[in-house]
Structure formats: structure tokens, C-alpha cells
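These protein sequence lines map, in sequence, to chains C and Z.
Note that my numbering has the first sequence beginning at 119, numbered continuously upward.
Note that my numbering has the second sequence beginning at 12, numbered continuously upward.
Ideal Cβ positions, reconstructed from N, Cα and C, are used throughout, including at glycine.
Here is the structure we will look at.
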Amino acid sequence: KAGVTQTPRYLIKTRGQQVTLSCSPISGHRSVSWYQQTPGQGLQFLFEYFSETQRNKGNFPGRFSGRQFSNSRSEMNVSTLELGDSALYLCASSLAPDTSSPLHFGNGTRLTVT
Amino acid sequence: AQTVTQSQPEMSVQEAETVTLSCTYDTSESDYYLFWYKQPPSRQMILVIRQEAYKQQNATENRFSVNFQKAAKSFSLKISDSQLGDAAMYFCAYRSARVGIGSWGKLQFGAGTQVVVTP
Numbered sequence: 119k120a121g122v123t124q125t126p127r128y129l130i131k132t133r134g135q136q137v138t139l140s141c142s143p144i145s146g147h148r149s150v151s152w153y154q155q156t157p158g159q160g161l162q163f164l165f166e167y168f169s170e171t172q173r174n175k176g177n178f179p180g181r182f183s184g185r186q187f188s189n190s191r192s193e194m195n196v197s198t199l200e201l202g203d204s205a206l207y208l209c210a211s212s213l214a215p216d217t218s219s220p221l222h223f224g225n226g227t228r229l230t231v232t
Numbered sequence: 012a013q014t015v016t017q018s019q020p021e022m023s024v025q026e027a028e029t030v031t032l033s034c035t036y037d038t039s040e041s042d043y044y045l046f047w048y049k050q051p052p053s054r055q056m057i058l059v060i061r062q063e064a065y066k067q068q069n070a071t072e073n074r075f076s077v078n079f080q081k082a083a084k085s086f087s088l089k090i091s092d093s094q095l096g097d098a099a100m101y102f103c104a105y106r107s108a109r110v111g112i113g114s115w116g117k118l119q120f121g122a123g124t125q126v127v128v129t130p
């Protein structure tokens, strides 16, 4: 069974631009969550989607948004990029949003903002 | 809010030896899940072991075992017979068992411990 797939693996953007990252969950998994990983702040929760609805959101500005499609694939978007948005963005999927389902992570997308 | 603390930025261990990584957490909840994840240079977070707070028995997965002390809010990971492939960043994570908005999908991670394995 294929794992969580994130595309692209690397992105270089300029300050002020916007970016869209994609995540395909493990087949059969319906819950997708996103995390930002930086050397300074560590791993921080962005948001979680289930059945095309955002169920939970972390403490990030409105420039960070996401969505989930009917096939459970998810995208996250960051508008008006800032230098501080440079990070590794990790997507994780689970069978359902119930808390006993373990999260399975992808390889991440490395975003560099110049 | 829950916090997870990993006080060891780096731990070094020789092949075939044992290393223990410490993790403490702060919560007012009685029901929750604790995890250890491994992140090698490939960047993928890999689940190593999981512990349910309502279970007194410590979880074990092959060479990996935990020492879960609920009263002390401590959750250490022991890696036995260390192998070169165990070299990675290890993260301790907390997840509330409370069902509902605000808890779904959210893992609270510690800062991580870099494990270095020497031949």
C-alpha cells in the first residue's frame, strides 16, 4: 500500500508570492492533518481535515489555509509569503479523526522563501 | 494546554548498546495517547511506538520499549541493541483522547532528541 505522498518535495518562492502544497493520503484514510517544522519552533500543528471539512486549526495566521477534496486528497495554501514561512511542511493521514488512529506522515515539502 | 519536554538535544550510543531518551509532559487530562516518532534524514516521520494512558503495561515493539510513569508524567524510550539505522531525530508526542473539535488530528510534539549511533 502506498504511503502518504506529498508534492512537490522542494519549492523556492519569493516573498509576497503564494504557494500550494499537495498531499495524497494512504488509500482508505479519510483524515488529513498538516504540520509546520522549523528549527526554531519545532513541529507545530496547522490544521486537520475530515470529510472535506476543517475540524481543527492551529495558531497560524489566516494566510495559511487548506482544503480537502472528496477523494480525501488535501492541499494547503500560503498566501503573501514571508521569510519566516520557510519550513518543512508535513502532511499526515489517518483512518479517521478519532484519537486512537495513528498518524502516518509523508516525506514533507521543503519550502524556501527568498 | 499540553506541553511536551525533551531535555536531551543529543544522545550518542555505540552499536549494540542501549540508549534511553527522556520525555516529560504536562496535562490536566486523564486519558490520552503518547507516541515516539523517528525522523531520519529522509524527513519522513515514522511511528516507533504508541502508549495509551489507560494501559498500565508498557508498550514494546521489538528493540524499542517505553517506561510510562503516568503519575510522574514521564514517557521514556529505550532502544536496545542499537543499530546504525536507528540514527535519527526522535520526537515524543502527546495526543488528547478527548473527542471533538480542538483535539482531532493534533499532536503536540517535543523539541526532539538527535540519536547518534557510532560503530
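Could you round the C-beta distance between residue i and residue j to whole angstroms and report it? I think they count as a contact, below 8 Å.
i, j, result
"Gln-154 of chain C", "Phe-165 of chain C", "Contact flag wrong, Cβ pair sits at about 10 Å."
"Ser-23 of chain Z", "Val-127 of chain Z", "5 Å"
For residue i, go through chain Z and note every residue whose CB falls closer than 8 Å to its CB, in chain order.
i, result
"Phe-163 of chain C", "Gly-116, Lys-117, Leu-118 and Gln-119"
Please decide whether residue i counts as near chain Z, where near means a Cβ-Cβ distance under 9 Å.
i, result
"Arg-148 of chain C", "no"
"Phe-223 of chain C", "yes"
"Gly-226 of chain C", "yes"
"Glu-170 of chain C", "no"
Exposed or buried, residue i, counting other C-beta atoms within 10 Å across all chains shown (16 or more means buried)?
i, result
"Ile-60 of chain Z", "buried"
"Thr-227 of chain C", "buried"
"Thr-230 of chain C", "exposed"
"Ala-70 of chain Z", "buried"
"Thr-156 of chain C", "exposed"
"Ile-57 of chain Z", "exposed"
"Ala-205 of chain C", "buried"
Going by the DSSP bridge assignment, what does residue i pair with across the sheet?
i, result
"His-222 of chain C", "C:Ser-211"
"Cys-34 of chain Z", "Beta-bridge pairing links Cys-34 of chain Z to no other residue."
"Val-126 of chain Z", "Z:Met-22 and Z:Ala-99"
"Gln-104 of chain Z", "Checking the sequence, you will find Ala at residue 104 of chain Z rather than Gln. Its beta-bridge partners are Z:Phe-46 and Z:Phe-120."
"Leu-206 of chain C", "C:Gln-155 and C:Arg-228"
"Glu-63 of chain Z", "Z:Tyr-44"
Taking 9 Å as the threshold (beta carbon to beta carbon), is residue i in contact with chain C?
i, result
"Phe-86 of chain Z", "no"
"Ala-108 of chain Z", "yes"
"Gly-11 of chain Z", "Chain Z is shown only over 12 to 130; residue 11 of chain Z falls outside these bounds and no answer can be derived."
"Phe-75 of chain Z", "no"
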